[in-house]
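Per the numbering used here: the sequence shown = residues 237 to 892.
A virtual CB, placed ideally from N, CA and C, is assigned to each residue, including glycine.
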Amino acid sequence: MKNYFKLAFISLGLLCMFSCEDEKENRIPEAATLSAPENAAIDQETKPTLTWVKSIDPDNDIVTYDVYVSETEEFVAEDLKGNNIDKNTFTLKTALKSHTKYFWKVVASDEDGASAESEVRYFTTKNSAPAISGLEFPANEATDVEKSISLKWTAADADGDVLKYTVYLSKENSFAEANVLATDISESEFAVSLDGHTQYFWKIVATDTEGATIESDVASFTTSNTLPSKAELTSPVNGFDQVSLSTKLVWSAATDADQDAVSYTVFYGTNEEINENYPYKKDFTETELTLSNLRGNTTYYWKVIAIDSEGGKTSSDVFSFITINTIPTAPVLSSEIDELIVDDKLNVVINWSASIDPDKSRDSEGNLIPEPLVYDIYLSLDETIDESDLKQKDVSELSFTLEGLEFATKYFAKIVTRDPQSAKAESEVIEFTTKEKPNVIEGTWTDVRDGKEYKTITVAGKTWLAQNLAYIPYVISSDDANKICSVYGFDVAESTTVSDLKADENFNKYGVMYTAYALDDLAPEGWHVSTDADWKEISVFAGMSQAQADEIGKQYDYGSKFLDPNSDWFTGTEATNDFLFSAVPGGYYSKGKYSWMPPFSYKGSTMYTYFWTNSTNIDNVSYFYRAFNGTSNYIERNSNKQSVERMYVRLVKDSE
């Protein structure tokens, strides 16, 4: 029993002891003691290492440190430079400002968050030496430096300190006190007077307000020497305007006060502003120079630069002279002519190759351009051509149309080229005889298939219908639904009959419209649907050149010759129907150009008319056609319409 009470007492004591330990409060660690840098230390690195004596924690807790560095004694969160440091040293990772006072402290914290701040110390970072970024003028190893100049340099101080300069100048690559030109100056340039033709060495020492100094590199330069005298130009005389194409430049000898040897660089050209990058002759020691192969009728400019052995240069004045004119080459007049009939008159187009003139002139902006040439046209009825046979002066093109010539007549022609100075060159005389005057023969022809009679014209041996074909082999072919016949404005349906089309007023007015698919079904034996070649022939007869007739697109000023003045054309020019082709303004059946238009529709009556030819283009994709526009007076040759579009047809009689 006694032992029982003894064990109970011991247990109660242990319980009491452990209970008391759980309720004990955490104690604050000791403040760290700052050790380096010493308080008020100066000339510290901008990334200093801060050290302190470790804190002792009375509870033996682990202690970490936060380091604060600030430009003021009042610390803020941004001044925390390192935290949770487990050592008693810390090196700043980001550089501080130089030559600046900083305050610092260390906060020791245990693992339960209790903390103690150290005392606050301060230190000053070391001064930054100034920097000389360059000796600006004269540049290192510069030559031909003037004898009175200002030495110039560039320097800066990272701390913003005021800088003072010491300037050294020497004739040797070494410096002593005697070489000091100036001290304690605040400007970054210094005026000096120098000896000529001499090499100098110089440097700068910069000092800031804290006494830090920096010395520049050494640079050198050489002053200019005495220049040679100016060469006086003597021949050709300035402004002389009859200089031959091979001439001699002459000038007086230059002298040199330093007794240096003198040579000459010669420049000449056609620009008044002479480019010294392109000399004609260098290192020349004579005082005259021959130029050959000059251009005629050209203004030349020249000068001479005298150069001594030290590189000293003196330029002469710039003189000019004008060479004699060069006669252009003769034009070559072609014996091939183009004959055009215009308003029953015969026009003949002659062509020639250009004359060549090596001479140049200047445009309004001063640029050199080929000398402009003009041509005078002569035409005569005999081989003796004189001034009375002059037909046209000052032609600038290489072709000319001789208007109103007689048919079946022999002519003689020549071309005379003139340059701006009236120098002339004549072509050889060519002889040509104009063609016989063509006739238009009127007639009639009856289509045996339906008994319809048509007017015809025979032009240059070829017979055409003088009316649009009105033959209707079908309305819609039973073999091919794309083969459709209609008249302007008539909406064809499967029930439409041939009689329906013939009853429409536009049948007799305009004839029948066909798709290109039907072209092979339209001509009776002995006739054919007009081809692209047929249309070219009749176009040339109407006055076009062959080149115009061959061209894709619109040819103006010829359409009125084909138009019937008794029909309802709305024309911008008078319909003349010169050879009774009698085209009427029947429009055509076309595809809509824009999405908002009907897919196909009749359009253009009174304004224009279209004719299919039975010729496809080079790709055999589409058929050529001819279009006439009364308002614009053109004929269009093209192949850009779809074969399902409907146009008119003219038949041509087969050659016998």
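Neighbour-count burial assignment, residue i, 16 or more Cβ in a 10 Å radius
i    : result
P472 : buried
G679 : exposed
K673 : exposed
P312 : Note that residue 312 is Val in the sequence shown here, rather than Pro. When all chains shown are included, V312 counts as exposed.
R263 : exposed
Q703 : buried
E257 : Bear in mind that the predicted position of E257 carries a pLDDT of just 48, short of 50, making it unreliable; the figure below should be weighed with that in mind. So E257 counts as exposed.
R598 : exposed
P606 : exposed
S552 : buried
R685 : exposed
N529 : exposed
T443 : buried
I651 : buried
D655 : buried
K646 : exposed
N603 : exposed
Beta-carbon proximity of residue i to residue j, cut-off 7 Å
i    : j    : result
A352 : P265 : yes
F860 : S879 : no
S958 : V585 : Residue 958 lies beyond the residue range present for the chain, which begins at 237 and ends at 892; the question has no answer from this structure.
Y611 : L626 : no
Y516 : Y500 : no
M843 : F806 : yes
E881 : S826 : yes
V324 : K290 : A small correction: the amino acid at residue 324 is Asn; Val does not occupy that position in the sequence shown. Taking 7 Å as the Cβ cut-off, N324 and K290 qualify as a contacting pair.
Q478 : I560 : yes
P464 : D431 : no
K797 : D814 : yes
I666 : S571 : yes
T379 : T462 : no
N869 : T809 : yes
D315 : Y304 : yes
I368 : I421 : no
K466 : T550 : yes
L701 : G747 : no
Y724 : G823 : yes
F643 : A696 : no
S803 : V820 : yes
T670 : N583 : no
P709 : D756 : no
D544 : V498 : yes
Among the options, the one whose alpha carbon lies nearest that of residue i
i    : options                : result
N415 : W438, G432, K400, L399 : W438
E730 : A717, K738, V723       : A717
T269 : F777, R357, V403, N319 : R357
A365 : F373, E423, V441       : V441
K745 : D727, A455, S722, T402 : S722
N363 : Q782, Y846, G318, D393 : D393
F864 : M749, Q280, Y792       : Y792
E310 : I292, F326, S422, F339 : F339
E662 : A566, E451, L701       : A566
V857 : Y838, T845, K877, K660 : K877
F520 : V502, T526, N511, T534 : V502
G795 : Y846, P760, D757       : Y846
L200 : K388, D397, I788       : This structure leaves residue 200 out entirely; the chain is present only between 237 and 892.
D768 : V885, Y436, D800       : V885
D322 : K337, K329, T336, D297 : D297
A448 : E413, D544, D279       : D279
Assumed close pair residue i, residue j - CB separation to whole angstroms, cut-off 8 Å
i    : j    : result
A272 : T287 : 5 Å
T523 : S488 : 7 Å
A783 : S775 : No, A783 and S775 are not in contact; Cβ-Cβ is about 11 Å, not under 8 Å.
T751 : K719 : 6 Å
S632 : N587 : Actually they are not in contact, since the Cβ atoms of S632 and N587 sit about 14 Å apart, beyond 8 Å.
A455 : S424 : Incorrect: roughly 15 Å between the Cβ atoms, too far for contact.
F426 : S480 : Their Cβ separation, rounded to whole angstroms, is 59 Å, which puts F426 and S480 out of contact at 8 Å.
V342 : S334 : Rounded, the Cβ-Cβ distance is 24 Å, inconsistent with contact.
L569 : S781 : Contact doesn't hold; Cβ gap of about 18 Å is too wide.
T506 : D595 : The Cβ separation is near 11 Å, so there is no contact.
| task | Please list the segments of the beta strand (DSSP E) lying wholly inside the segment 279 to 336, counting only runs of 3 or more residues, in order along the chain. | result | 285 to 289, 299 to 306, 316 to 321, 325 to 327
| query | Could you give the uninterrupted runs of the beta strand (DSSP E) lying entirely in the segment 623 to 685, keeping only those of 3 residues or more? | reply | 626 to 631, 635 to 641, 646 to 654, 660 to 662, 666 to 669, 676 to 682
| field | Segments of 3+ residues assigned as beta strand (DSSP E) that fall wholly inside the segment 509 to 578 | value | Annotation: the segment 509 to 578 contains the following complete segments of the beta strand (DSSP E) (minimum length 3 residues), in chain order: 517 to 520, 524 to 527, 535 to 544, 549 to 551, 555 to 559, 574 to 578.
| request: Mind listing, in chain order, the continuous beta strand (DSSP E) runs of no fewer than 3 residues lying wholly within the segment 336 to 365? | output: Given a length threshold of 3 residues, each whole run of the beta strand (DSSP E) inside the segment 336 to 365 is given here in chain order: 337 to 346, 351 to 353, 357 to 361.
| query | Mind pulling the alpha helix (DSSP H) runs of 4 or more residues that sit fully within the segment 735 to 783? | reply | Counting only runs of 4 or more, we get 741 to 746, 768 to 777.
| Ordered list of alpha helix (DSSP H) runs contained in the segment 786 to 873, each at least 4 residues | none
| For the segment 384 to 426, which segments carrying the alpha helix (DSSP H) assignment without a break, of at least 4 residues, lie completely within its bounds, in sequence order? | none
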